[in-house]
Amino acid sequence: MKFFIDTANIHEIKEAHELGILDGVTTNPSLMAKENITGYDAIRQHYIDICNIVDGDVSAEVIATDFAGMVKEGEELASLHQNIVVKVPMIKDGVKAIRYFTDHGIRTNCTLIFSPGQALLAAKAGATYVSPFLGRLDDISSDSLRLIDDIRIIYDNYGYDTQILAASIRHPMHIIECAKLGADVATCPLKPILQLLDHPLTDNGLEKFLADYAKGNK
Ligand code: G3P
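Using numbering that gives the first Met the number 0, the first residue of the sequence shown is number 0, and each one after it goes up by one.
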């Protein structure tokens, strides 16, 4: 399973990259705003800065919601760096835009996926990735893992190449369950990635190893 980091925070991206486990980055307009990255030039420069840190796919989201606007913006974003993947919302014009980008060799990430039908449409339009949002489904008492399972079954039934990019991940068990279900990618904030490291028996075991070593090597 590939690991992407879901942030526009340069320090967190660098930390995950230095851990040696990072395959890519996803951003969205909310994550950019959280880092106070605003304005046409600053946003585009930020994408380039991220691409210069991580050698992997970097999702950059369009703001336009009409077909012509999404195509114009997506082509601009894709021209910034070869690793940019254009992130497009799951709306009618978005599906049309994904088909356009697919036909013109531009890779896409269809975002705001909450149902298997939406994932099927995105795959049919040729999306490189679909982003089902786990945490936001859990927030409304809907079974987010069932969605990942359903999409996996549908894509495998027909051999769709579209990769399942599990998003809106809130805790390490989301990552583990997605890995068990065969999601291709998990995009997460840094915290749940680092939480995968934690186990009290590891800490206790290491403490004892070091104490025993110290006893015999005074
Ligand atoms: O990748 C989508 C993600 O950023 C949404 O996460 O926590 O805002 O639901 P969240």
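By construction, the Cβ of each residue, glycine as well, lies at the ideal position given by its N, Cα and C atoms. What you are looking at is a predicted structure, and each value in this text was computed from that prediction instead of being measured.
- Message: Using C-beta distances below 7 Å, list every residue in its chain close to Gln-117, excluding the 5 sequence neighbours before and after it, in chain order.
- Response: The beta carbon of Gln-117 sits closer than 7 Å to the beta carbons of Met-89 from its chain, once the five residues preceding and following it are set aside; these are given in chain order.
- Cβ-heavy atom distance between Thr-127 and ligand 1 below 8 Å? Result no, Cβ not under 8 Å from ligand 1.
- Query: With a Cβ-Cβ cutoff of 9 Å, do Ile-112 and Val-129 count as a contact?
  - Reply: Contact: yes.
- With respect to 8 Å, is the separation between the Cβ of Ala-77 and the closest non-hydrogen atom of ligand 1 below this value? For ligand 1, not one heavy atom lies less than 8 Å from the Cβ of Ala-77.
- Message: For a test of the three-state rule: what should DSSP assign to Phe-2, helix, strand or coil?
- Response: Correct three-state label for Phe-2: strand.
- Message: Starting from Asp-56, trace the beta strand (DSSP E) in both directions and tell me its first and last residue.
- Response: Looking at the DSSP string, the run of the beta strand (DSSP E) that includes Asp-56 is 56 to 60.
- Item | Beta-carbon gap between Tyr-46 and Leu-21 smaller than 9 Å | No; because the gap between Cβ atoms is not below 9 Å, this pair is not in contact.
- Query: From this set, Pro-188, Cys-187, Gln-44 and Thr-201, which residue's C-alpha is nearest Ala-59's C-alpha?
  - Reply: With distances taken between Cα atoms, Ala-59 lies closest to Gln-44.
- Below 7 Å CB to CB, which residues in the same chain sit around Ile-97 once its five sequence neighbours on both sides are set aside? Correct list, in chain order: Val-87, Thr-107, Cys-109, Ala-121, Ala-124, Gly-125 and Ala-126.
- Would you tell me roughly how many angstroms separate the C-alpha atoms of Ser-78 and Glu-176, rounded to the nearest one? Rounded to the nearest angstrom, the two C-alpha atoms are 35 Å apart.
- Message: At the level of alpha carbons, what is the spacing between Thr-186 and Lys-13?
- Response: A straight line joining the alpha-carbon of Thr-186 with that of Lys-13 spans about 15 Å.
- Answer with buried or exposed for Pro-228, where buried requires no fewer than 16 other C-beta atoms within 10 angstroms of its C-beta. Nothing in the structure corresponds to residue 228, since the chain is present only between 0 and 217.
- Within the present structure, is the beta-carbon of Asn-27 separated from the nearest heavy atom of ligand 1 by less than 8 Å? Asn-27 Cβ: within cutoff of ligand 1.
- Query: What does a CB cutoff of less than 6 Å around Gly-287 pick up in its chain, not counting 5 residues either side in sequence?
  - Reply: This structure cannot speak to residue 287, because the chain is shown only from 0 to 217.
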